[in-house]
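S.K.: To start, I am sharing the structure in question, which I have written as structure tokens.
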Amino acid sequence: MKLNHRPVKTDDIKTICGFPQNAQELFFMFPKAHYPLTEAQLIAAITQRFDSTVVEIDGAVVGFANFYRAERNGVCCIGNVIVSPTARGKGVATFIVETMTCLAFERYEANEVQISCFNENTAGLLLYPRLGFVPCAIEERPSLGNGRSALIQMTQVRPKPHCPA
1031 MKLNHRPVKT
1041 DDIKTICGFP
1051 QNAQELFFMF
1061 PKAHYPLTEA
1071 QLIAAITQRF
1081 DSTVVEIDGA
1091 VVGFANFYRA
1101 ERNGVCCIGN
1111 VIVSPTARGK
1121 GVATFIVETM
1131 TCLAFERYEA
1141 NEVQISCFNE
1151 NTAGLLLYPR
1161 LGFVPCAIEE
1171 RPSLGNGRSA
1181 LIQMTQVRPK
1191 PHCPA
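Residue numbers (the working numbering): 1031 to 1195.
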């Protein structure tokens, strides 16, 4: 199985809209959206964001992410991370987050990459630290219904260049 990435295309939108399987999955991906995710909601997000990227397996779109903030020599924030239900557990989330992190450090020469994860999103909370992200802040956010959620913000600083001895 070979994963590759490329910029999102208009033809990908409908496929990506089918990835969130319920309101909670959509909330984790895109808290401001209303379930089910519509093409209009996703297109609106893409137009306001940077470097919307898909992951493919054998030509099939199986993952998506972008930056909601992208500052040259500053901070890039990864958002809208989602993996197709048929591709979960196959390394797609790792690949898309690593791809976006490299893009931030290489294209934007970012000093820091941030990603946020709701406390109910166990998969994300276990994945992001494995990829080098460190929790740095927690803020209260409304959850689905009338409850409270904790949004855990995580950061990864730009690796220092290796200096030979």
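Yeah, the Cβ is synthetic: ideal placement off N, Cα and C, and Gly gets one too.
#1: Grab the span of the alpha helix (DSSP H) containing residue 1078 for me, first residue to last.
#2: Following the continuous beta strand (DSSP E) through residue 1167, name the residue where it begins and the one where it ends.
#3: Determine the burial state of residue 1031: buried for a count of at least 16 other Cβ atoms within 10 Å of its Cβ, exposed for fewer.
#4: Classify residue 1198 as buried or exposed, calling it buried when 16 or more other Cβ atoms lie within 10 Å of its own Cβ.
#5: Decide if residue 1017 is buried, meaning its Cβ has at least 16 other Cβ atoms within 10 Å, or exposed.
#6: Give every residue of the same chain whose Cβ lies closer than 8 Å to the Cβ of residue 1037, excluding the five residues on either side of it in the sequence, and list them in chain order.
#7: Among all the DSSP beta bridges, which residues are the ones paired with residue 1155?
#8: Note down, in chain order, each residue of its chain lying with its Cβ closer than 8 Å to the Cβ of residue 1073, except the 5 sequence neighbours on either side.
#9: Taking the C-alpha atoms as reference points, what is the distance between residue 1107 and residue 1069?
M.R.: For this structure:
#1: 1069-1078
#2: Residue 1167: member of the beta strand (DSSP E) spanning 1164-1172, first to last residue.
#3: Its Cβ having fewer than 16 others within 10 Å, residue 1031 is exposed.
#4: With the chain represented from 1031 up to 1195, any question about residue 1198 goes unanswered, as that position is not in the structure.
#5: Nothing can be reported for residue 1017: it is not among the residues displayed for the chain, which extend from 1031 to 1195.
#6: Around residue 1037, the same chain offers 1081, 1082, 1083, 1084 as residues with beta carbons nearer than 8 Å, after the five sequence neighbours per side are excluded.
#7: Paired residue(s): none; residue 1155 is not in a bridge.
#8: 1043, listed in sequence order.
#9: 23 Å
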